[in-house]
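Before any comments, here is the structure.
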Amino acid sequence: MGRHGWDSGAGRWRFTALIGVGVAVIALVLTMFATLPGGNGRGGGDAGTTTDGDKAHGTPVPPSGAPEPALGWGFTHTQYSADEGDAGALRRAEDTLSAQSLPQIQHIMGWGAENPEPSPGRYQFDALDSRVDLIRKTGGTPVITLCCAPDWMKGGKAGAGNTDWSKKSLETAPRPEHYKDFAKLAGTVARRYPDVRHFIVWNELKGFFDDGSRRWNYEGYTRLYNLVYAELKKVNKENLVGGPYLVMDSYEPRDTTYASSLKGPWGSIDQRVLDAYTYWNKNKKGADFVVVDGASYTRDDELLPDEFRATDKLTAVSEWIRQRSGGLPVWWAEYYVEPGDDDDDRDGWSEPHRVAVHASGLMAMARGGAATAFYWNPQNTGPECAGCLWRSTRLADGGGPLPMMKLLSRFAKEFPPGTRYDESVRVAADDVPHVRVLADDKTVLVVNTLDRAIRAEVDGKSFGMQGYEVKWLTR
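Numbers given in our numbering equal positions in the sequence shown, counted from 1, plus 361.
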């Protein structure tokens with residue numbers, strides 16, 4: 362996880378996914394087409410755009426019955442996904458994703474999607490269409506995150522050829538005078554994909570931090586949220602909407618600068634984040650679920666007391682939100698358990714280590730009562746991809762599941778929404794410090810937190826475990 366940049370306004374850490382070669386090529390091609398016949402030349406050209414953005418795309422099949430606000434365990438598509446690449450690899454990837462139905466998030470701009478409305482009333486949904494098609498084909502439940510905003514809504518130039526894909530631009534929120542325009546865009550998206558019933562409003566309050574007062578501009582975000590909420594309900598009253606997608610940043614226990622009462626051995630949640638949630642919760646027009654985001658480690662990348670016990674933070678946050686949400690399901694739009702380097706790469710652990718700590722994170726969220734969580738898939742195009750869900754579809758032998766996909770799919774299968782967890786699982790006293798356990802009436806998940814082999818006794822069974830092994834037991 363990169364630094365937050367409270368003073369500099371540098372923002373969060375994921376926008377490197379937006380600045381890749383693919384997006385740059387799109388911008389270049391659109392700029393070139395704007396100079397050719399058919400490009401109107403306005404604002405950098407709008408060649409390739411249409412005026413019928415709200416026309417339903419493809420052959421949507423709206424779900425029968427009311428949509429559920431709790432979706433279970435899924436993932437987010439990022440810049441590279443399984444909608445482009447080698448034909449054989451694409452088929453294997455579709456098989457991989459179809460093996461277990463998972464909820465899947467796609468943003469409307471960035472993370473593989475183009476600028477959805479380069480100029481007022483001119484739409485560009487080809488890339489978003491492709492991602493929605495992929496989710497449909499693989500049987501996933503589609504979730505759309507309504508972020509980010511077209512340049513003209515935040516003080517930039519209109520026109521497909523003028524989209525600024527820089528980190529600074531993409532971290533900019535719409536200007537207040539364009540909140541209604543953004544809400545209208547959200548409505549257009551909802552009409553285009555009538556089978557999508559779950560919408561998240563914005564991402565991490567990007568652009569809503571007030572550097573002058575050193576706090577979140579939660580008033581501005583809540584105004585935007587309420588307008589979007591009303592628009593989506595107007596399109597379809599059964600659309601489910603959630604926010605505020607706050608980052609639950611924490612400080613190590615001795616740092617009291619912004620300390621709060623939500624704390625533990627893992628640290629203390631920033632009080633300013635809790636203030637932002639409290640304001641939104643009191644002043645929101647409505648919500649069908651509550652969205653948070655965060656990491657098990659501190660803002661200084663400290664894993665306290667260690668990488669496994671640090672995940673207890675995810676339990677504590679989930680419980681805190683549930684106590685204040687009025688019964689709304691708690692969603693983790695993103696969660697992280699492995700600190701990134703200066704380039705935001707997370708490849709310092711072995712894959713067994715990574716899978717074991719992520720399993721601990723999933724267990725922690727479930728134990729805290731979270732209803733839904735999404736793994737941020739760090740997909741790239743090369744043969745090596747730490748933590749990726751499938752082997753890159755740009756490779757002839759790509760598309761097959763990787764260890765993180767196997768964990769996520771199994772967890773989603775064994776512990777779906779509504780699972781009643783059994784807290785009475787017996788663990789031998791000698792094993793208590795070294796294993797983590799989650800169980801229901803049919804399955805027990807056991808994680809060895811040590812990097813060496815052990816002999817464990819859990820739920821009346823004795824068995825060996827390799828270092829960082831994740832084991833599933835049938836009851």
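Idealized CB from N, CA, C, for every residue including glycine.
- In its chain, beyond the 5 residues on either side, Glu592 have a beta carbon closer than 8 Å to the beta carbon of Lys545.
- Note that the C-beta distance between Gly406 and Arg755 is not below 8 Å.
- Secondary structure of Leu546 (DSSP, three-state): helix.
- Exclusion of the five residues before and after Ser721 leaves Phe669, Thr672, Arg797 and Val808 as the residues of its chain whose Cβ lies within less than 6 Å of its Cβ.
- Selection Thr506, Ser629 and Asp444 evaluated against Val602 yields Thr506 as nearest (Cα-Cα).
- By DSSP's assignment, Thr659 forms no beta bridge with any residue.
- A straight line joining the alpha-carbon of Pro762 with that of Glu580 spans about 43 Å.
- Short of 7 Å from the beta carbon of Arg558, and not among the five residues preceding or following it, lie these beta carbons of its own chain, in chain order: Pro424, Pro428, Glu599, Asn600 and Leu601.
- Residues of the same chain with a CB within less than 7 Å of the CB of Thr533, apart from the 5 flanking positions on each side, are Lys515 and Gly568 in chain order.
- A contact is defined here as three or more CB-CB pairs under 8 Å, and the region 728-736 meets this definition with respect to the region 679-699.
- The Cβ neighbour count for Gly655, taken over all protein chains shown within 10 Å, is at least 16; the residue is labelled buried.
- Between Asp801 and Phe776, the CB-CB gap stays under 8 Å.
- In the DSSP assignment, Tyr590 falls within the unbroken alpha helix (DSSP H) covering Tyr579 to Val596.
- Note on geometry: alpha-carbon atoms of Asn738 and Pro744 lie some 15 Å from one another.
- Nearest to Gly414 by C-alpha distance, out of Leu495, Leu769 and Val550, is Val550.
- For the pair His719 and Leu768, the CB atoms are nearer than the 8 Å cut-off.
- For Lys624, the pairing in a beta bridge is given by DSSP as Ser629.
- According to the DSSP assignment, Lys832 belongs to the beta strand (DSSP E) that extends over Val831 to Thr835.
- When C-beta atoms of the region 438-458 are compared with those of the region 495-502, three or more pairs fall below 8 Å, so the two segments count as touching.
- Asp512 is a Cβ neighbour of Thr524, given a cutoff of 8 Å.
- Val793 is classed as exposed because its beta carbon has fewer than 16 other beta carbons within 10 Å across all chains shown.
- Secondary structure at Thr524: coil, using DSSP grouped into helix, strand and coil.
- In the structure shown, Gly433 adopts extended strand secondary structure according to DSSP, grouped into three states.
- Within the same chain, Asp512, Lys515 and Gly517 come within 8 Å of Ser530 by CB-CB distance, once the 5 residues on both sides are set aside.
- The beta carbon of Arg633 sits closer than 7 Å to those of Arg576, Trp577 and Tyr619, all from its chain and outside the five residues before and after it, given in chain order.
- Put simply, of Asp610, Thr617, Tyr540 and Ile630 the residue whose alpha carbon is nearest the alpha carbon of Arg584 is Tyr540.
- The continuous alpha helix (DSSP H) containing Ile496 extends over residues Asp487 to Lys498.
- Pairing Lys674 with Asp487, the inter-Cα distance amounts to about 39 Å.
- Counting along the chain, Leu607 sits inside the beta strand (DSSP E) bounded by residues Leu601 to Val608.
- Counted as a single uninterrupted DSSP element, the beta strand (DSSP E) harbouring Arg816 occupies residues Ile815 to Val819.
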